[in-house]
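Residue numbers (our numbering): -5 to 503.
Every residue, glycine too, gets a C-beta built ideally from N, C-alpha and C.
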Amino acid sequence: SENIIYLVGRADAMATFCWLLALLTWPMQGSGSRPASGSRMLRVLLATGLAVIGGVCKEIGFVVLLQLAVSELLGRQPVKGAAPLLAIFGVVFGGRSWFTDGTKAGFSHVDTPVQYHDNVYVRTFTYLYFHAKYAQLMVFPWTMCWDYSLDALPLLLATWQDLRVLTILTTYLGVVALATWGFGTRSRRVLLGVANVIIPFVPASNLFFVVGTTIGERLLYPCNVGFAMLVSSLGTGSRAAALAAAKTRPQQRGAGVGGKAVLGFVLLLVFLCRGSWRVYQWSSRDTLFGPDAAAYPRSTKTRHQYGTVLHREGRFDEALTHFRASLAVFPQSALTEYCIAQILIETGQPDEARKHFENIFAGHGLGFGRFNIYALHVDYGFTLMMLRRYEDAIPTLQQGLSLNEDVPHGLNALGYSFVQLGRHQEAADAFQRGLGYDPTNPFLVNNLGAVNMMVGNFDAGAQLIAQAVQLEPQTPSFLYNAQLVQTMVETNRWPTQQFVLELFFNRGN
């Protein structure tokens, strides 16, 4: 279901499509007359073209040439049939490696934590455990996750002493058992099915080169083709055995087949239900991240993403729970800590927010770059303004706004700080700049009007205050300012009360 959302998922689907076409265009050994040399050459060229097209989409497309070579190795002329395919694969793989400058994956510690561990045994056992997880997802995909990031599947720090090693042994014993069964019964279908599970999985195994993902459910697309071949082989073998038994023992016709048919139907039903439900979960962030956070509570990215969903919905306490759980797994995530600070600002806890901001600035700022670092400075300045540290707030706000001025709540906070220091003209300029980005913002309109009143510009101030009331008639401070203007008109005297400025915070910026 990942291909519904991600472009990379659709690329894997396209690579799998090319894989299937290559298999279908290749003649099966033992299917009849041998193809002419010209026809065989055309098939080699077609298979190579499909492999290149699929490989351009995703790396698994290239290795279909190995799968076809295995098919030839199981035929009557193994060397003659497989050698050209293996040679072409070597050329294609070499060209791909040259074009991409190697096979390194420059992903972060959060995305692929295993490659950064300094113990080779921990890395090896963990990668082998991932193979077992892939096997479980292919055979019985019950609990899935949109992103298997840091600690979704904890590292096997105890190596062979970790109980999860049993799943590794089970997986590889199962593969060996299937291969042994295929060789023992001389079943090409079984052996090709095993090969079609193993070969496309090699690029995702992390054993020969590092892959840019911990677990990618989409990487199983071509492996599922092999799994389907194995399931069909089991059914075909059972049917053949039943027919043979019926000839010798007619009274037992169909015995044993019914049970396997029922099991096959149940497995198909499970796949259908889980697939349909997973597609529904991908329909929205809430239905996706919520169940995944429950299934993989130590996935730092999943807990963070679900926290953003809850934050957007105003469910602050629940969002804080998930953000803090994510931060507990990966304390260096400045972006997660920033989200916590935002909630603390919105819930009126500026001093607690300040502590988080200062911790972020003391660290490496992971999660921030040139495109969003402005928000960190602006919201830290907003926090200092809430703490009435106006002298400190102004340069911090100005630093953030110099990187991106299109932050109305930051410009409003800057103007508010200037007013508190008696710098009314600079405050009016900040409010005016904010209205340039959001002309109908009632808070900026009211505050600009209040500043105009403070400096004696009565006509402009009264007009702006009235406009703010029209834009937001339910805000008490706007109504209060309008009442002061009305009192001035009626008494022809300056009121003893002060005009009120209003703050707002927009986390969308």
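Residue-level contact to chain B via CB, residue 192, 8 Å cutoff | Absent from the structure: chain B. Only one protein chain is present.
beta-carbon residue 54 near the ligand ATP non-hydrogen atom, thresh 7 Å = Questions concerning the ligand ATP fall outside what the structure shown contains, since it holds no ligand whatsoever.
Counted within 10 angstroms of its Cβ, other Cβ atoms place residue 487 as buried (16 or more) or exposed | exposed
Should the stretch 84 to 91 be called in touch with the stretch 212 to 222, which here means at least 3 C-beta pairs below 8 Å?
-> no
Completely contained alpha helix (DSSP H) runs for the stretch 332 to 394, where each covers 4 or more residues | 344 to 356, 367 to 380
Can you tell which of 93, 145, 133, 91 has the C-alpha that lies nearest to the C-alpha of residue 103?
-> 145
Going by C-alpha distance, which of 164, 480, 38, 118 is nearest residue 491?
-> 480
6 Å Cβ shell around residue 25 - same chain, five flanking residues per side excluded = Residue confidence for residue 25 is low, a pLDDT of 49 falling below 50, so the modelled location carries little weight; the figure read from the coordinates is stated next. Excluding residues within five positions, none has a Cβ falling inside 6 Å.
Mind reading off the beta-carbon distance from residue 61 to residue 209? Whole number of angstroms is fine, and I expect it under 8 Å.
-> No, residue 61 and residue 209 are not in contact; Cβ-Cβ is about 23 Å, not under 8 Å.
Can at least three beta-carbon pairs, one atom from the stretch 406 to 426 and one from the stretch 459 to 471, be found at a separation below 8 Å?
-> no
Can you name, in chain order, every residue of its own chain whose Cβ lies under 8 Å from the Cβ of residue 158, other than the five neighbours on each side?
-> 123, 126, 150
Report yes if the CB atom of residue 345 is closer than 8 Å to the CB atom of residue 381, and no otherwise.
-> yes
Just mark residue 269 as buried or exposed, buried being the case when its beta carbon has 16 or more other beta carbons within 10 Å.
-> exposed
Mind pulling the alpha helix (DSSP H) runs of 4 or more residues that sit fully within the stretch 396 to 446?
-> List check, alpha helix (DSSP H) in window: 402 to 414, 418 to 431.
Check each candidate in 366, 388, 119, 450 and name the one with the smallest Cα separation from residue 161.
-> Put simply, of 366, 388, 119, 450 the residue whose alpha carbon is nearest the alpha carbon of residue 161 is 119.
Roughly how many angstroms lie between the CA atoms of residue 419 and residue 143, to the nearest whole one?
-> 50 Å
Other residues of its chain near residue 168: CB distance less than 8 Å, five sequence neighbours each side excluded | Correct list, in chain order: 129.
Taking Cβ positions, are residue 407 and residue 497 nearer each other than 8 Å?
-> yes
Taking the continuous alpha helix (DSSP H) assigned at residue 457, which residues delimit it?
-> For residue 457, the enclosing alpha helix (DSSP H) stretches over residues 452 to 465.
Could you name the residues of the same chain whose beta carbon sits closer than 8 Å to that of residue 309, not counting the 5 residues immediately before and after it, in chain order?
-> Same-chain partners within the cutoff: there are none.
Proximity winner among 114, 254, 285, relative to residue 140 (alpha-carbon distances) | 285
Alpha-carbon spacing of residue 298 relative to residue 214, whole angstroms | 26 Å
CA nearest to the CA of residue 166, picked from 188, 45, 184, 404 | 188
Given a threshold of 16 other Cβ atoms within 10 Å of its Cβ, counted over all protein chains shown, does residue 42 qualify as buried or as exposed?
-> Looking at its Cβ environment, which holds 16 or more other Cβ atoms inside 10 Å, residue 42 is buried.
Of the residues 289, 206, 78, 495, the one placed nearest residue 105, counting alpha carbons only | 206
Would you tell me roughly how many angstroms separate the C-alpha atoms of residue 437 and residue 156, rounded to the nearest one?
-> 59 Å
Does DSSP put residue 181 in a helix, a strand or coil?
-> coil
In terms of alpha-carbon separation, which member of 398, 360, 357 lies closest to residue 373?
-> Taking only the C-alpha atoms, the option nearest residue 373 is 398.
In terms of residues, what are the limits of the alpha helix (DSSP H) holding residue 61?
-> 58 to 67
Rounded to whole angstroms, what's the CA-CA distance from residue 15 to residue 1? Just pull it up for me.
-> 21 Å
So what does DSSP say about residue 25, is it helix, strand or coil?
-> In this prediction, residue 25 scores a pLDDT of 49, lower than 50, which makes its location untrustworthy; the coordinate-derived value is nonetheless stated afterwards. Secondary structure of residue 25 (DSSP, three-state): coil.
With burial defined as no fewer than 16 other Cβ atoms inside 10 Å of the residue's Cβ, what is the status of residue 74: buried or exposed?
-> Residue 74 should be labelled exposed.
Find the nearest neighbour of residue 37 within the set 319, 18, 47, judged by alpha-carbon distance.
-> 18
Could you please give the first and the last residue of the uninterrupted alpha helix (DSSP H) stretch that includes residue 90?
-> 72 to 93
Reference residue 444; option with closest CA among 427, 434, 476, 433 = 476
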